[in-house]
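My numbering applies: residue 29 is where the sequence shown begins, and numbers increase by one.
C-beta atoms are modelled at their ideal positions from N, C-alpha and C, and glycine is treated no differently.
What follows is one structure encoded as structure tokens, with my remarks underneath.
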Amino acid sequence: MKFSAKLQLFNAGLCGLLGLLSSFLPQEILTELQLEHSDNSVFLIKALGAFYISWALLNYMIRNLTFGGVYGRPITAANLTHYGIGAILLIKEALNSGGRNTYLFLFIALYCLMSLAYLKLLQHDPTKTHQV
């Protein structure tokens with residue numbers, strides 16, 4: 029299996045898991061993150077869950093696409109943007125909160141690794157003989 033297909037499967041699984049947790053356990057997520065429980069915050073966590081589930085479905089459906097080409101490049105750039113901006117936001121949150129939340133460090137590492145993987149995939153030239 030190619031690197032790109034493995035990456036897409038991992039991404040789909042990760043986003044699917046985050047989406048299901050966000051959709052069905054929003055109050056528990058807010059409690060664990062020590063955030064205020066309000067109708068608006070529960071709604072936003074559920075909306076984030078819908079985003080993650082749809083993102084997982086998209087990444088799963090295109091897992092065997094030729095990345096680096098005309099059709100795969102926009103998806104690769106979107107994933108890179110998602111994980112890159114997410115990593116920056118998580119790092120800023122860790123710095124502002126004094127690093128008290130251990131989940132932040134897990135997500136920072138995960139988002140940074142995914143950013144680097146999509147950066148590598150974005151630089152892939154599909155016309156070369158090796159496959160990514």
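> Between which two residues does the alpha helix (DSSP H) harbouring M89 extend?
Replying inline: Numbered from 1 along the sequence shown, position 61 holds the residue referred to as residue 89. Unbroken alpha helix (DSSP H) run through M89: 67-89.
>> Considering just the uninterrupted stretch of the alpha helix (DSSP H) at E121, what are its terminal residues?
In response: Counted from its first residue, the sequence shown places residue 121 at position 93. Segment 100-125, the alpha helix (DSSP H) holding E121.
>> Please report the distance separating the alpha-carbon of D67 from that of M142.
In response: Position 39 of the sequence shown, counting from 1, holds the residue named residue 67. Position 114 of the sequence shown, counting from 1, holds the residue named residue 142. About 32 Å.
> For N107, which residues of its own chain have a beta-carbon under 6 Å away from its beta-carbon, when the five flanking residues on both sides are left out?
Replying inline: Here the question's residue 107 lines up with position 79 in the sequence shown. Result list for N107: Y146, in chain order.
> Where does T59 fall in DSSP's three states?
Replying inline: The residue you call residue 59 lines up with position 31 of the sequence shown. Note: T59 maps to helix in three-state DSSP.
> For N129, does the three-state DSSP call read helix, strand or coil?
Replying inline: To locate residue 129, count along the sequence shown from 1; it is residue 101. In the structure shown, N129 sits in coil (DSSP, three-state: anything other than H, G, I, E or B).
>> Does the structure place the region 72-89 close enough to the region 114-122 that three or more beta carbon pairs sit under 8 Å?
In response: no
>> By the three-class DSSP mapping on this structure, what secondary structure does M142 have?
In response: By one-based count along the sequence shown, residue 142 stands at place 114. Three-state DSSP puts M142 in a helix.
> Is G47 near I81, with beta carbons less than 7 Å apart?
Replying inline: Indexing the sequence shown from 1 puts residue 47 at position 19. Indexing the sequence shown from 1 puts residue 81 at position 53. Yes. Within cutoff.
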